[in-house]
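Data first, discussion second: the structure below is written as structure tokens.
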Amino acid sequence: MLPDADDAITRDGKALILAYDHGLEHGPVDFEPNPETADPEAIFELATHDAVTSVAVQKGIAEAYYPEYADEVSLLTKLNGTSNLWMGEPDTALNCTVDYAAEALDADAIGFTVYAGANDEVEMAEEFRRVQEAAREHDLSVVMWAYPRGQGLKNDTKPGVISYAARMGLELGADIAKVKYPGDADAMAHACEMSGRTKVVMSGGSKTDDRAFLTTIREAMDAGADGLAVGRNVFQRENPQEILDALEAVIFEEASVDEALEHTGAAAVADD
Ligand code: FBP
């Protein structure tokens, strides 16, 4: 990575990416717990929260909704993605070019998924090379969704696999590698060490309860992670603003889990 290449999408060197490409990746089912989140405007409103350092969306949503938020929100355009209807080996289509993201969408960063271990890894890596070099020309930060996946990979969150994913981010020139949590703090620390100067953010995953979620984030941050890229654990909650307050405390203010829980209803329930 280049020095300061991720400045546009970090705060104090840390990132909280609000991911909202689920309508493509998983389909409308992800909006069912909180139906108003099917409206991208609800997510852009959330992205104005101080905790959020960028919002990650596909081209169509950026085109239709970002202009009104361009002054308040940093845009991370996800360049590739696949629907959940695809039944083949993990693969992903390039849905937007870097030039289009930079010039037409006014993006601050681009996001790109690489499924290492999939049959089409070679094509995805070559596409990442073209995208990464074009992003440098436009001064856009590069975030790799580093998701080893495919027939040969029975467990895609094994510690060795996550360390490998983080290392690929460094080797291929990402500013930030987004990886799944490998299950414990030691494994996360190893992944962060392997990523060198490439930052590591943890992927949010499916919705869990407040304490379990914040505990994992606290562990990841203590292990050396540089933040979080989160979707469902924010927008599927009844009160997404509250969990953003709590995440701001954990990620940017070094708060403990109990301190962070003061921002959500969970602390009050536990005290009863
Ligand atoms: P979540 O926090 O909801 O897991 O979102 C992060 C993310 O990477 C999204 O950008 C993407 O849509 C989704 O997870 C993909 O998840 P998976 O491929 O593991 O189902």
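Under my numbering, residues 107 to 378 are what the sequence shown spells out, in order. Don't be surprised by glycine CBs; every beta carbon is placed ideally from N, CA and C.
Nearest neighbour of residue 242 by Cα position, chosen from 219, 152, 214, turns out to be 214. Going by beta carbons, residue 222 and residue 171 fall outside the 9 angstroms limit. In the same chain as residue 357, and ignoring 5 residues on each side of it, the C-beta atoms closer than 8 angstroms to its own belong to 120, 122, 157, 323, 327, 333, 334, in chain order. Looking at 272, 181, 231, the one whose alpha-carbon comes closest to that of residue 209 is 181. With a cutoff of 8 angstroms, residue 119 does not count as near the ligand FBP, since its C-beta is closer than that to no heavy atom of the ligand.
Judged by DSSP secondary structure, residue 356 falls within the alpha helix (DSSP H) whose first and last residues are 346-358. For residue 193, the number of other beta carbons within 10 angstroms of its own is below 16, and it is reported as exposed. Inclusion of residue 224 and residue 256 in the CB contact set at 9 angstroms is warranted, their separation being smaller than that value. Not one heavy atom of the ligand FBP is found less than 8 angstroms from the C-beta of residue 155. Here the alpha carbons of residue 111 and residue 245 stand approximately 7 angstroms from one another. Residue 158 sits in coil when the DSSP states are folded into three classes, being neither helix nor strand. Per DSSP, the beta bridge partners of residue 117 are 120. In this structure, residue 313 sits near residue 343, with a CB-CB distance shorter than 9 angstroms.
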